[in-house]
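Chemist: Take the position in the sequence shown, starting the count at 1, then add 21; the result is the number in my numbering.
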Amino acid sequence: MSEPTLYIITGASRGMGLAMAQQLLAPHHQVIGISRGSSPMLAAQAQSSDAALEQWTHDLAQPLSAAQALETWLNAQSADRFQRACLINNAGVVAQPGPIEATSLQDLSNAIRVGLEACLLLSSAFLRATAHWQAQRRILNISSGLGRRAMAGSAAYCAAKAGMDNLSRAMALDEAAKPKGARIVSLAPGIIDTDMQAQLRSGDPSKFPDQPVFASFKTSGQLMSPDEAARKVLRYLARDDFGQTVLADVRDV
Ligand SMILES: NC(=O)c1ccc[n+]([C@@H]2O[C@H](COP(=O)([O-])OP(=O)(O)OC[C@H]3O[C@@H](n4cnc5c(N)ncnc54)[C@H](OP(=O)(O)O)[C@@H]3O)[C@@H](O)[C@H]2O)c1
22 MSEPTLYIIT
32 GASRGMGLAM
42 AQQLLAPHHQ
52 VIGISRGSSP
62 MLAAQAQSSD
72 AALEQWTHDL
82 AQPLSAAQAL
92 ETWLNAQSAD
102 RFQRACLINN
112 AGVVAQPGPI
122 EATSLQDLSN
132 AIRVGLEACL
142 LLSSAFLRAT
152 AHWQAQRRIL
162 NISSGLGRRA
172 MAGSAAYCAA
182 KAGMDNLSRA
192 MALDEAAKPK
202 GARIVSLAPG
212 IIDTDMQAQL
222 RSGDPSKFPD
232 QPVFASFKTS
242 GQLMSPDEAA
252 RKVLRYLARD
262 DFGQTVLADV
272 RDV
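#1: Output the distance between the C-alpha atoms of residue 52 and residue 34, rounded to the nearest integer angstrom.
#2: Do you know whose CA, among 204, 184, 78 and 56, lies nearest residue 259's CA?
#3: Taking the alpha helix (DSSP H) that residue 240 belongs to, which residues open and close that run?
#4: Counting only the same chain and skipping the five closest in sequence on each side, list residues whose C-beta sits under 8 angstroms from that of residue 90.
#5: At a cut-off of 7 angstroms, would you count residue 190 as near ligand 1, judging by its Cβ distance to the nearest heavy atom?
#6: Is the beta carbon of residue 163 within less than 7 angstroms of some heavy atom of ligand 3?
#7: Whose C-alpha, out of 31, 140, 107 and 94, is nearest the C-alpha of residue 186?
#8: The beta strand (DSSP E) that contains residue 27, what's its start and end?
#9: Just curious, the beta strand (DSSP E) that residue 54 is in, first and last residue?
#10: Kindly give me the distance between the Cβ atoms of residue 211 and residue 272, rounded to whole angstroms, as I take these residues to be in contact under 8 angstroms.
#11: What do you reckon, is the C-beta of residue 34 under 7 angstroms from a heavy atom of ligand 1?
#12: Please report the distance separating the alpha-carbon of residue 27 from that of residue 105.
#13: I think residue 164 touches residue 209, with their Cβ atoms under 8 angstroms apart; what is that distance to the nearest whole Å?
#14: Within a Cβ cutoff of 7 angstroms, which residues of the same chain sit near residue 22, ignoring the five residues on either side of it in sequence?
#15: Out of curiosity, what's the CA-to-CA distance linking residue 242 and residue 147?
#16: Below 8 angstroms, can you find three or more Cβ-Cβ pairs linking the region 237-252 to the region 35-47?
#17: Determine, for residue 93, whether the minimum Cβ-Cβ distance to residues of chain D falls below 8 angstroms.
#18: Since residue 77 sits in a beta bridge, which residues does DSSP pair it with?
#19: So, residue 244 versus residue 214, is the Cβ gap smaller than 8 angstroms?
#20: Assign residue 60 to buried or exposed, taking buried as 16 or more other Cβ atoms, counted over all protein chains shown, within 10 Å of its Cβ.
#21: Tell me, which residues are paired with residue 204 by DSSP?
#22: Looking only at its chain, what residues have a beta carbon closer than 8 angstroms to the beta carbon of residue 134, apart from the 5 residues adjacent to it on each side?
#23: Can residue 56 and residue 93 be called in contact, C-beta distance under 8 angstroms?
#24: Alpha helix (DSSP H) containing residue 258: first to last residue?
#25: For residue 178 versus residue 161, is the C-beta distance shorter than 8 angstroms?
#26: Residue 228 to residue 236, Cα distance in whole Å?
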């Protein structure tokens, strides 16, 4: 996309979010990453590619302040600055694999707040602040197959992704009723060789029966690289028919 486009990506410091941010650095693009950490490599790449990048450090387990900061920033932009504006809710966490009584309250809260509450609040801030913009607006929520089927040892993650899916469907109904409503998709990105997969395959099989499945994803070479996954997801984001199917999976196309 060569038109002036805004991309806001949560979880842009590592994994697939970092790869998406790297691929989006280009002239006419404004990229904003929101994570606890920032990536010096991404900053260096932005400098050499004439792309506008801001890396905001926020803990999305406390998502109110990040959503307020986003709304303030969006309100300060002129309504005709961008032709397209995209919010990518990508940050997600798995709690230590195991049943909920074996997982700390802190970890459970973190998984739901980062995976679901942040998505809700950032989407609300984005939709409100950009409602009068000329830009075509898109929200891409990065879901998982585990939002659509349950797996033992990952209840909080499954709940966050299932919540994200139905949140997306309900938001899409609200937006469809507006003359220039945003388009919304909740997309399962496939299985990706990131820290999240490493955490799952290092789980304790006595508490996490699917641990061997995750170990074999790695040993049998089934994991996509973050770059490849990011390419597929961004291709989906750019589709003309983006939003026609709210619950989607990159493996279906
Ligand atoms: N990997 C897979 O196989 C797979 C499969 C299906 C779906 N997904 C989904 O794809 C998305 C990306 O996953 P990934 O594998 O790339 O994950 P990852 O490598 O674990 O990276 C997670 C990203 O989320 C950010 N994050 C985590 N906790 C945060 C917090 N409290 N506040 C702000 N940011 C936080 C991290 O940044 P900081 O640590 O700097 O905060 C990091 O940038 C997730 O939504 C995940 O559920 C992944």
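Backbone N, C-alpha and C fix where the C-beta goes; we use that ideal spot for every residue, glycine too. What you are looking at is a predicted structure, and each value in this text was computed from that prediction instead of being measured.
Modeler: From the atom records:
#1: 13 angstroms
#2: 204
#3: Per DSSP, residue 240 belongs to the alpha helix (DSSP H) from 232-240.
#4: 77 and 79
#5: no
#6: Because ligand 3 does not appear in the structure shown, any question about it cannot be addressed here, the ligands present being ligand 1.
#7: 140
#8: 26-31
#9: 50-56
#10: With a Cβ gap of about 6 angstroms, residue 211 and residue 272 count as contacting.
#11: yes
#12: 6 angstroms
#13: 5 angstroms
#14: For residue 22, the pLDDT reaches just 49, beneath the cut-off of 50, and the residue's location in the model is therefore unreliable, although a value from the coordinates is still provided. Within the same chain, residue 22 has close Cβ partners 105 and 259.
#15: 38 angstroms
#16: yes
#17: As a matter of chain content, chain D is missing from the structure shown, which is built from one protein chain.
#18: 55
#19: yes
#20: buried
#21: 159
#22: 81, 82, 83 and 84
#23: no
#24: 247-258
#25: Taking 8 angstroms as the cut-off, the Cβ atoms of residue 178 and residue 161 do not count as close.
#26: 15 angstroms
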